[in-house]
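Let me begin by presenting the structure, written as structure tokens, before commenting on it.
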Amino acid sequence: VHDNGANGYMFYSPEMNERAKEHLWFESELRRALVGNHLQLHYQPKVSLRSGRIVGAEALLRWKHPDRGMVSPGIFIPVAEETGLILELGTWVLDEACRQIRQWQDAGVDVPPVAVNLSSRQFDRHLPDRIQEVLERHGIAADRIKLEITETLLVRGPDTVIPIMNELAARGLALALDDFGTGYSSLAYLKKFPISTLKIDRAFVIGLPQEENDCAIARAIVTMGQQLRQEIVAEGVETPEQMAFLRDLGCDQLQGYLFSPPVVAGDFERMVRDGKRL
Ligand code: C2E
Ligand code: CA
Ligand code: CA
Ligand code: CA
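Counted the way full-length UniProt numbering counts, the sequence shown spans residues 431 to 708.
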């Protein structure tokens, strides 16, 4: 539906109709996926650049559609955010990650903390209670998970988000700022927020070490993070050259295909058990 402005009439253009149909399709199919067990979490290791060991993981949502096959989260997450279904998906993700962590604990596997992605829409004053309920239901400690948020959340303004962040932090839940560098956060702004980790977006890692601008941005982010005593994780690291550059900068951890793509829980468990190193 579109307001053409001039005379106030509403009309459907063919493209918008397609888009609306696509949205409806995604929404009903995603709902089916939620109840039909077609969703899965994959886990991508984060490795320490100092020790070479696995020190964390990121849980990434996967959707296998019965006819269409794998649908990329880059496609369905934005739709879920628009339709509001992200709230139910987000709840599923958190619950599934905690269930898996508990299973690893019961099996005696010493897994590092697992980060889950949070949509800005999940971020309201009830979030700390909702997360705590899930943790308690599965019987796991708050430091077993981390929360990845994006800069779009920060534009809502410090007064709204800081109290919620402080509440999460008070309950032992660490926050990582994802895709850092793609938004508008300045150093002065950033220090207001209780954020323990900065993740350098893949967009800046790609050009290392050839692109002058990407090198400058990566250097600035690492310097900034060090001053704020934040841990720095580089995402999307694919080459030994990128790794070497980031290590020299003083970046703490890397995540990327160079070490491992996101994998099913069993494969991640194997890497941890085998003590796979960089
Ligand atoms: P993100 O949070 O920035 O996640 C990192 C993305 O980079 C993942 O894509 C991961 O598979 C990919 N990646 C990791 N290493 C490399 C690499 O070396 N090279 C390349 N080319 N790519 C790499 P993925 O899994 O397709 O997820 C895309 C985005 O969808 C995520 O970006 C995140 O914003 C969103 N997403 C995924 N799962 C969830 C979720 O459970 N909840 C929410 N709210 N968003 C999610
Ligand atoms: Ca992320
Ligand atoms: Ca990211
Ligand atoms: Ca990214």
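Where a beta carbon is used, it is the ideal one built from N, C-alpha and C, also for glycine.
Quick caveat: nothing in here was measured; it's all calculated off a predicted structure.
Compute every distance between the C-beta of ASP608 and the non-hydrogen atoms of ligand 2, then say whether any falls below 7 Å. Here residue 608 refers to the residue found at position 178 when the sequence shown is read from its first residue. Yes; taking the cut-off as 7 Å, the Cβ of ASP608 has a heavy atom of ligand 2 nearer than that.
Just to confirm, does GLU488 get its C-beta within under 7 Å of one of the non-hydrogen atoms of ligand 2? The residue labelled residue 488 in the question sits at position 58 within the sequence shown. Yes, since a heavy atom of ligand 2 falls inside the 7 Å radius drawn around the Cβ of GLU488.
Determine the direct distance from the alpha carbon of HIS453 to that of LEU684, and round the result to whole angstroms. Translated into the one-based positions of the sequence shown, residue 684 becomes position 254. Translated into the one-based positions of the sequence shown, residue 453 becomes position 23. Taking the straight line joining both Cα atoms gives about 35 Å.
Please specify which runs of the alpha helix (DSSP H), each continuous and at least 4 residues long, are wholly inside the stretch 432-499, giving them in chain order. Listed in chain order, they are 444-466.
Got a sec? Which residues, its chain only, sit under 8 Å from THR627 by beta carbon, not counting five neighbours each side? Along the sequence shown, one-based indexing puts residue 627 at 197. Here THR627 has LYS576, ALA604, LEU605, ALA606, LEU607, GLN660, GLU661, ILE662 and VAL663 as same chain residues with Cβ atoms under 8 Å from its own Cβ, once five neighbours each way along the sequence are excluded.
Report whether the distance from the Cβ of VAL663 to the nearest heavy atom of ligand 1 is below 7 Å. Taking the sequence shown and counting its residues from 1, one reaches residue 663 at position 233. Of the heavy atoms belonging to ligand 1, none sits nearer than 7 Å to the Cβ of VAL663.
Decide if the stretch 526-544 is in contact with the stretch 504-518; the criterion is three or more beta carbon pairs, one per stretch, under 8 Å apart. Result no; under three Cβ-Cβ pairs closer than 8 Å.
Within the stretch 674-702, note down every full alpha helix (DSSP H) run reaching 4 residues or more, in order along the chain. Restricting attention to alpha helix (DSSP H) runs no shorter than 4 residues, the stretch 674-702 encloses none.
At the level of alpha carbons, what is the spacing between PHE698 and SER502? Your numbering for residue 698 matches position 268 in the sequence shown. Your numbering for residue 502 matches position 72 in the sequence shown. Distance between the alpha carbons of PHE698 and SER502 is about 20 Å.
Length-filtered (4 minimum) alpha helix (DSSP H) runs lying within the stretch 593-669: Runs of the alpha helix (DSSP H) inside the stretch 593-669: 617-620, 632-635 and 642-657.
At the 8 Å Cβ level, is ASP644 part of the contact set with chain C, yes or no? In the structure shown, chain C does not exist; there is a single protein chain.
Among LEU460, ARG532 and VAL591, which one has its Cα closest to the Cα of ARG551? By one-based count along the sequence shown, residue 551 stands at place 121. Checking every option, the nearest Cα to that of ARG551 belongs to VAL591.
Beta-carbon within less than 8 Å of ILE594's beta-carbon, same chain only, minus the 5 sequence neighbours each way: which residues are those? The residue you call residue 594 lines up with position 164 of the sequence shown. Excluding the 5 residues flanking it on each side, ILE594 has same chain C-beta neighbours closer than 8 Å at PHE553, ASP554, ARG555, LEU557 and PRO558, in chain order.
Would you list the residues sitting across from LYS576 in a DSSP beta bridge? Residue 576 sits at position 146 when you count from the first residue of the sequence shown. ALA545 and ALA604, per the DSSP bridge assignment.
With a threshold of 6 Å on Cβ separation, who are the neighbours of ALA599 within its own chain once the five nearest residues in sequence on each side are excluded? Here residue 599 corresponds to residue number 169 of the sequence shown, with the count starting at 1. Cβ neighbours of ALA599 within its own chain (closer than 6 Å, five residues either side excluded): PRO624.
So, for THR612: in the same chain, excluding its five sequence neighbours on each side, which residues have a beta-carbon less than 6 Å away from its beta-carbon? Here residue 612 refers to the residue found at position 182 when the sequence shown is read from its first residue. Excluding sequence neighbours, THR612 sits near ASP631.
Taking just the CA atoms, how far does GLU488 sit from PRO496? Along the sequence shown, one-based indexing puts residue 496 at 66. Along the sequence shown, one-based indexing puts residue 488 at 58. If you take the alpha carbons of PRO496 and GLU488, they lie about 25 Å apart.
If you measure between the beta carbons of ARG529 and GLN562, is that distance less than 8 Å? Working through the sequence shown from its first residue, we reach residue 529 at position 99. Working through the sequence shown from its first residue, we reach residue 562 at position 132. Contact flag unset, no.
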